[in-house]
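J.: My questions will all concern the structure given below.
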Amino acid sequence: MSAEITESELRERVRTLLSEIHPDDPSVDSITFRGAQYDHGLAWVHFPEGLGGLGLSRADQAIVADELGSNAKNITNDLAVNAIGIGMGAPTVLTYGTPDMHERFLRPIFTGEEIWCQMFSEPGAGSDVAGLSSRAVRDGDDWIINGQKVWTSLAHHSTYGMLLVRTDPSLPKHDGMSYFVLDMKAPGVDVRPLHQITGEAEFNEVFFNDVRIPHSMMLGHEGQGWRVAITTLMNERVALAGNSSRRGQGDIAKLVETWQTRRHDYGSSASEVAQRALAQDKVLQTYIEAEMLRITHERAKASMTQGVPGPEGSVGKLMSAELNKKIYEVAMDLLGNDALTYEPGYELRRPGDHAMEGDSTLKHAFLRMRAQSIEGGTSEIMRNILAERVLGLPGDVRNDKDVPWVEIPRSG
Amino acid sequence: MDLSFTEEHQQLRELVRRFLDECSDEQAVRAQMDTEEGFDRSVWTRMAEELGLLGLMVPEEQGGTGLGAVELAIVMEEMGRSLLCAPYFSTVVLGGNTLLESGDEALCQEILPKMAQGELFLTLAVEEENGGHDLSDIHCSAEKQGDSFVLNGVKTPVLDGALADVLLVAARTEQGLSLFRVDANAEGMTRKPLPPLDTTRKLARIEFQSTPAELIGREGSAEAVLEHVLDLAAVALSAESTGGAQACLDMAVQYAKERLQFGRPIGSFQAIKHKCADMLVQVESARSASYSAAFSAVQDAAELSVTAAMAKSKSSEAYFFVAAENIQVHGGIGFTWEHPAHLYFKRAKSSEVLLGEPAFHRQKLAALIDL
Ligand SMILES: Cc1cc2nc3c(=O)[nH]c(=O)nc-3n(C[C@H](O)[C@H](O)[C@H](O)COP(=O)(O)OP(=O)(O)OC[C@H]3O[C@@H](n4cnc5c(N)ncnc54)[C@H](O)[C@@H]3O)c2cc1C
Chain A
30 MSAEITESEL
40 RERVRTLLSE
50 IHPDDPSVDS
60 ITFRGAQYDH
70 GLAWVHFPEG
80 LGGLGLSRAD
90 QAIVADELGS
100 NAKNITNDLA
110 VNAIGIGMGA
120 PTVLTYGTPD
130 MHERFLRPIF
140 TGEEIWCQMF
150 SEPGAGSDVA
160 GLSSRAVRDG
170 DDWIINGQKV
180 WTSLAHHSTY
190 GMLLVRTDPS
200 LPKHDGMSYF
210 VLDMKAPGVD
220 VRPLHQITGE
230 AEFNEVFFND
240 VRIPHSMMLG
250 HEGQGWRVAI
260 TTLMNERVAL
270 AGNSSRRGQG
280 DIAKLVETWQ
290 TRRHDYGSSA
300 SEVAQRALAQ
310 DKVLQTYIEA
320 EMLRITHERA
330 KASMTQGVPG
340 PEGSVGKLMS
350 AELNKKIYEV
360 AMDLLGNDAL
370 TYEPGYELRR
380 PGDHAMEGDS
390 TLKHAFLRMR
400 AQSIEGGTSE
410 IMRNILAERV
420 LGLPGDVRND
430 KDVPWVEIPR
440 SG
Chain B
47 MDLSFTEEHQ
57 QLRELVRRFL
67 DECSDEQAVR
77 AQMDTEEGFD
87 RSVWTRMAEE
97 LGLLGLMVPE
107 EQGGTGLGAV
117 ELAIVMEEMG
127 RSLLCAPYFS
137 TVVLGGNTLL
147 ESGDEALCQE
157 ILPKMAQGEL
167 FLTLAVEEEN
177 GGHDLSDIHC
187 SAEKQGDSFV
197 LNGVKTPVLD
207 GALADVLLVA
217 ARTEQGLSLF
227 RVDANAEGMT
237 RKPLPPLDTT
247 RKLARIEFQS
257 TPAELIGREG
267 SAEAVLEHVL
277 DLAAVALSAE
287 STGGAQACLD
297 MAVQYAKERL
307 QFGRPIGSFQ
317 AIKHKCADML
327 VQVESARSAS
337 YSAAFSAVQD
347 AAELSVTAAM
357 AKSKSSEAYF
367 FVAAENIQVH
377 GGIGFTWEHP
387 AHLYFKRAKS
397 SEVLLGEPAF
407 HRQKLAALID
417 L
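Next comes the structure, spelled out in structure tokens:
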């Protein structure tokens with residue numbers, strides 16, 4: 030807690046908010062309530078006063094969540110409202126935006142009135158996002174954008190996009206980029222759904238055909254794009270590492286539930302008994318892994334408050350990606366022949382178009398979890414980071430250092 | 047549950063680490079592991095007198111410092127890191143905790159002060175030739191003869207069984223599972239040292255033939271005592287494993303930075319780099335497992351069986367993974383007797399099996415949380 034506001038004072042502020050406007054009141058919609066939450070400085074308590082925060086530490090947001098959760102049922106989840114905007118867009122705008130941009134963007138991001146997307150990845154630049162090719166060329170007070178992005182989650186719902194483009198191809202790759210906030214309705218922006226392994230299209234490809242963007246929409250300076258992007262990416266990993274504070278909650282609960290229903294289906298033959306024991310041990314191993322991830326998060330929180338972050342804070346993304354894949358792989362085995370069907374089918378649709386229930390939820394999650402070790406930094410990239418930044422091992426041999434971007438070999 | 051260590055915890059850790067760096071370096075470990083007794087008595091005395099480690103959990107009025115499972119975990123982690131050769135786990139963790147849990151005041155009064163002084167070695171003899179880890183696998187029998195009992199049966203493997211001055215033995219009477227005290231000079235007891243896979247930890251097979259024994263606590267009441275003692279032992283062993291695993295990771299990372307092949311450090315090859323990252327993940331998981339179990343022993347006793355089962359399963363598997371990968375990162379040198387990698391590798395496998403393999407503990411967990 031900060032020196033100025035104690036935990037009980039912070040809780041008091043949450044109750045004051047709720048006494049003025051309550052989300053469980055049927056006449057109050059999510060946008061209105063979240064707007065009030067923002068105005069009370071309870072959106073991101075670590076943001077400055079007047080911009081949705083109170084200048085406290087990031088960890089204190091948990092107190093707000095706890096107090097809201099204990100006093101109201103209709104609390105909308107940040108991830109559901111505007112995951113990318115709230116988790117990544119807002120901190121980037123706060124760090125690099127002008128005061129005008131703060132005023133203009135932060136509140137509607139938090140309320141969910143304006144959804145944001147992240148346009149970094151391209152066909153030729155994923156893990157190596159700094160190798161990207163989309164170009165911006167200056168034209169008076171505007172920039173003109175041409176190129177293509179891929180895997181852009183939520184682009185089809187978005188009002189704004191965080192756009193990373195190359196402004197000077199003659200510089201080494203990290204130096205020649207700039208970062209813009211793009212109006213997704215601008216002429217020349219073409220969003221097309223990408224069909225993914227679940228049958229849905231959460232993400233899109235986005236084409237830019239002579240899109241005009243005012244210079245005033247640049248975040249940071251020209252050529253500073255990579256630094257700005259790092260802020261976005263760091264916040265992405267925080268958001269993706271996942272976090273459940275009670276034992277057995279989250280995805281692991283699905284596996285436990287499946288086991289507790291299915292364990293009665295095994296017969297009494299020697300083979301069935303053996304199969305049951307093997308399946309049970311897999312469930313137990315996975316359960317323990319989930320618990321270790323949870324405790325590792327708890328330890329990371331404890332060392333953050335003590336001000337000495339250790340390696341426990343860095344392993345979360347890799348651990349949770351690998352765990353979540355395993356949880357549903359084991360669940361599929363438990364389903365037996367029921368795992369052979371996929372009720373939602375693979376007809377192209379947007380997430381949420383098809384209500385899912387029962388085993389379909391598991392089978393869908395089994396497919397969806399493949400993305401966890403790809404999005405937001407693949408598990409291989411996470412291992413590089415752990416080895417190099419945490420353990421201090423030497424970097425890889427590279428072909429792209431100190432070379433003008435135009436001279437680097439690339440695909441796509 | 048609050049998982050943060052205090053300033054005092056940190057000081058304890060540093061104190062023990064400094065001491066072990068001095069008294070339990072590789073040379074010391076190698077010297078001791080080749081002896082029959084397996085440890086250095088002068089180091090043991092210093093552990094008692096200078097650091098108060100032997101009376102760590104002994105109440106102050108019995109000459110100890112009255113600390114708990116968290117402090118014990120810190121000490122065990124450091125001992126695991128330096129592979130200390132000493133009968134600490136048998137005497138203090140198994141023996142000391144059994145006496146404390148037995149509720150036998152007179153016996154505690156008699157033995158614990160001496161244990162804390164370093165004058166007496168203890169061990170706990172539970173498992174038998176059938177190899178089972180469950181208390182129901184105990185068949186050793188105790189028969190009443192007049193005021194005392196006689197024991198018949200075999201206990202194996204018993205940690206530091208040949209060294210112990212006082213053995214605490216689990217055996218069955220008509221009333222059920224009970225605990226007995228057998229002194230080193232008892233008649234009808236044969237103690238045979240076993241050749242250990244992990245030579246830093248000594249083992250013995252002990253045979254009782256009408257061996258006189260003294261009942262500890264109430265007859266037929268040993269089950270609850272042993273369950274609790276074995277939970278605490280699992281927590282301590284898992285802390286030891288965490289320390290060992292960290293030492294292996296440190297060794298591998300150090301070597302990966304120094305060893306050059308193909309004109310570059312092997313740590314710049316991703317095959318090696320990613321191994322090290324996976325080792326880090328396992329070390330952090332082991333840490334989470336052993337810390338949460340140690341804190342729950344103090345803060346939430348009802349949880350202990352659950353966290354202890356998870357800790358034993360997770361930390362020992364993590365330790366083995368890291369110890370094995372450490373050999374691989376070292377290549378040929380890692381396979382030699384001269385390199386310390388095998389010492390940790392052997393300790394890791396023996397810690398995985400000792401007190402029950404990981405799958406045994408997962409079965410315990412399954413019963414506890416209905417999985
Ligand atoms: C569901 C989903 C949502 C996404 N949403 C967005 C979004 O909203 N916005 C956005 O910009 N992007 C998004 N992405 C893209 C994501 O960030 C990239 O897919 C990811 O960074 C990997 O890039 P790539 O697909 O080009 O694979 P590549 O980088 O080509 O990787 C292919 C393989 O090579 C390995 N590899 C690459 N480089 C190295 C290296 N240096 N060392 C070792 N191995 C290496 C990778 O680990 C992987 O196994 C999304 C992805 C998914 C799956």
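In the order they appear, the protein sequences are chains A and B. Numbers given in this note's numbering equal positions in the first sequence, counted from 1, plus 29. Numbers given in this note's numbering equal positions in the second sequence, counted from 1, plus 46. Don't be surprised by glycine CBs; every beta carbon is placed ideally from N, CA and C.
(1) Is A/Asp53 near A/Ala101, with beta carbons less than 7 Å apart?
(2) Please return the same chain residues whose Cβ sits closer than 8 Å to the Cβ of B/Glu269, not counting the five positions on each side in sequence.
(3) In the DSSP assignment, find the beta strand (DSSP E) that holds A/Gly176 and state where it starts and stops.
(4) What are the residues that DSSP puts in a beta bridge with A/Cys146?
(5) Is A/Leu280 buried or exposed, if buried means 16 or more other CB atoms sit within 10 Å of its CB?
(6) Give the DSSP-derived three-state secondary structure of A/Met30 in the structure shown.
(7) Can you tell me whether DSSP reads A/Pro128 as helix, strand or coil?
(8) Given the structure, does A/Gln147 come close to ligand 1, in the sense that its CB is under 6 Å from one of the ligand's heavy atoms?
(9) Short of 8 Å Cβ to Cβ, which residues in the segment 226-245 of chain B face chain A?
(10) Below 7 Å between beta carbons: does that hold for A/Glu151 and A/Leu161?
(11) Would you check if there are 3 or more beta carbon pairs closer than 8 Å linking the segment 125-137 of chain B to the segment 64-82 of chain B?
(12) Under DSSP, the beta strand (DSSP E) around B/Ile262 begins and ends at which residues?
(13) Which residues, taken in chain order from the segment 247-261 of chain B, show a beta carbon closer than 9 Å to some beta carbon of chain A?
(14) At the level of alpha carbons, what is the spacing between B/Ile379 and B/Lys321?
(15) Give the secondary structure of A/Ile242 by DSSP, where H, G and I count as helix, E and B as strand, and everything else as coil.
(16) Is it true that the segment 150-164 of chain B meets the segment 193-207 of chain B, where meeting means three or more beta-carbon pairs spaced less than 8 Å apart?
(17) Considering B/Asn198, what are the terminal residues of the beta strand (DSSP E) in which it resides?
(18) Would you say B/Ala8 and B/Leu168 are within 7 Å of each other, going by their C-beta atoms?
(19) What is the rounded straight-line gap between the Cα of A/Met247 and the Cα of A/Val257?
(20) Apart from the five residues just before and just after B/Glu82, which ones in its own chain have a Cβ nearer than 6 Å to its Cβ?
(21) Quick check: the Cα distance between A/Met30 and A/Leu47, rounded to an integer number of angstroms?
(22) Looking at chain B, is there any beta carbon in it that lies within less than 7 Å of the beta carbon of A/Ile60?
(23) With a CB to CB cut of under 8 Å and the five nearest residues on each side skipped, what residues in its chain are close to A/Arg399?
(24) Kindly indicate the opening and closing residues of the beta strand (DSSP E) around B/Gln191.
(25) Exposed or buried, what is B/Phe65 when buried is set at 16 or more other beta-carbons lying within 10 Å of its beta-carbon?
(26) For A/Pro240, decide whether its Cβ has a neighbour in chain B, counting only Cβ atoms nearer than 7 Å.
(27) Whose CA, out of A/Ile356, A/Pro77, A/Val344 and A/Arg164, lies closest to the CA of A/Lys202?
(28) Check whether the Cβ atoms of B/Ala232 and B/Pro239 sit closer than 7 Å, and answer yes or no.
(29) Per DSSP, what kind of secondary structure is A/Gly405 in: helix, strand or coil?
(30) What number of angstroms, rounded off, separates the C-alpha of B/Lys358 from the C-alpha of B/Phe51?
(31) Please tell me whether B/Ala119 and A/Leu422 are closer than 7 Å, where the distance is taken between their beta carbons.
T.: Reading from the atomic positions:
(1) Translated into positions along the first sequence, residue 53 of chain A becomes position 24. Translated into positions along the first sequence, residue 101 of chain A becomes position 72. A contact, by the Cβ cut-off of 7 Å.
(2) Position 223 of the second sequence, counted from the first residue, corresponds to residue 269 of chain B. Taken in chain order, the residues that qualify are Leu181, Gly222 and Leu223.
(3) The residue labelled residue 176 of chain A in the question sits at position 147 within the first sequence. Residues Asp171 to Ser182.
(4) As a position in the first sequence, residue 146 of chain A is number 117, starting the count at 1. DSSP lists A/Gly190 as the bridge partner or partners of A/Cys146.
(5) The residue labelled residue 280 of chain A in the question sits at position 251 within the first sequence. Leu is not the amino acid found at residue 280 of chain A; the sequence shown has Asp there. So A/Asp280 ends up on the buried side.
(6) For this step, residue 30 of chain A is matched to residue 1 along the first sequence. The predicted model places A/Met30 with a pLDDT of 48, which falls under 50 and marks its position as unreliable; any figure quoted below should be read in that light. Reduced to three states, the DSSP call for A/Met30 is coil.
(7) By one-based count along the first sequence, residue 128 of chain A stands at place 99. The answer is helix: DSSP assigns A/Pro128 an H, G or I state.
(8) Within the first sequence, the letter at position 118 stands for residue 147 of chain A. Result yes, Cβ under 6 Å from ligand 1.
(9) none
(10) What you label residue 151 of chain A is simply residue 122 of the first sequence in a count that begins at 1. What you label residue 161 of chain A is simply residue 132 of the first sequence in a count that begins at 1. Going by C-beta atoms, A/Glu151 is nearer than 7 Å to A/Leu161.
(11) Yes, the segment 125-137 of chain B touches the segment 64-82 of chain B.
(12) For the purposes of this step, residue 262 of chain B is taken as the residue at position 216 of the second sequence. It spans Leu249 to Ile262 - the beta strand (DSSP E) in which B/Ile262 sits, taken as one unbroken run.
(13) none
(14) Counting from 1 along the second sequence, the entry for residue 379 of chain B is found at position 333. Counting from 1 along the second sequence, the entry for residue 321 of chain B is found at position 275. The straight-line gap from Cα to Cα measures roughly 18 Å.
(15) As a working note, residue 242 of chain A is residue 213 in the first sequence. Looking at A/Ile242 - three-state DSSP - the assignment turns out to be strand.
(16) no
(17) In the second sequence, the residue the question calls residue 198 of chain B occupies position 152. Note, B/Asn198: beta strand (DSSP E), Ser194 to Leu205.
(18) Chain B is shown only over 47 to 417; residue 8 of chain B falls outside these bounds and no answer can be derived.
(19) The residue labelled residue 247 of chain A in the question sits at position 218 within the first sequence. The residue labelled residue 257 of chain A in the question sits at position 228 within the first sequence. Within the model, the alpha-carbon separation for A/Met247 versus A/Val257 is close to 10 Å.
(20) For the purposes of this step, residue 82 of chain B is taken as the residue at position 36 of the second sequence. Excluding residues within five positions, none has a Cβ falling inside 6 Å.
(21) Locating residue 30 of chain A in the first sequence gives position 1, counting from the first residue. Locating residue 47 of chain A in the first sequence gives position 18, counting from the first residue. Caution is warranted here: a pLDDT of 48 is assigned to A/Met30, below 50, making its placement in the model unreliable, and the coordinate value is therefore given only provisionally. Rounded to whole angstroms, A/Met30 to A/Leu47 spans 22 Å at the Cα level.
(22) Start at 1 with the first residue of the first sequence, and residue 60 of chain A comes out as number 31. It does not: the Cβ of A/Ile60 has no partner Cβ on chain B nearer than 7 Å.
(23) Locating residue 399 of chain A in the first sequence gives position 370, where the first residue counts as 1. Cβ within range, chain order: Ile226 and Lys354.
(24) The residue labelled residue 191 of chain B in the question sits at position 145 within the second sequence. First-last of the beta strand (DSSP E) with B/Gln191: Ser187 to Gln191.
(25) For the purposes of this step, residue 65 of chain B is taken as the residue at position 19 of the second sequence. By the neighbour-count definition (other C-beta atoms within 10 Å, threshold 16), B/Phe65 is a buried residue.
(26) Sequence index remark: in the first sequence, residue 240 of chain A carries index 211 (1-based). One detail in the question is off: residue 240 of chain A reads as Val in this sequence, not Pro. Answer no: the Cβ-Cβ gap between A/Val240 and chain B never drops below 7 Å.
(27) As a first step, residue 202 of chain A is located in the first sequence; it is residue number 173 there, counting from the start. Nearest C-alpha to A/Lys202: A/Arg164.
(28) For the purposes of this step, residue 232 of chain B is identified with residue 186 of the second sequence, where counting begins at 1. For the purposes of this step, residue 239 of chain B is identified with residue 193 of the second sequence, where counting begins at 1. Not in contact: B/Ala232 and B/Pro239 (Cβ atoms no closer than 7 Å).
(29) The count along the first sequence starts at 1 and reaches residue 405 of chain A at position 376. A/Gly405 sits in coil when the DSSP states are folded into three classes, being neither helix nor strand.
(30) For the purposes of this step, residue 358 of chain B is identified with residue 312 of the second sequence, where counting begins at 1. For the purposes of this step, residue 51 of chain B is identified with residue 5 of the second sequence, where counting begins at 1. Rounded to the nearest angstrom, the gap between the Cα atoms of B/Lys358 and B/Phe51 is 21 Å.
(31) Position 73 of the second sequence, counting from 1, holds the residue named residue 119 of chain B. Position 393 of the first sequence, counting from 1, holds the residue named residue 422 of chain A. Contact: no.
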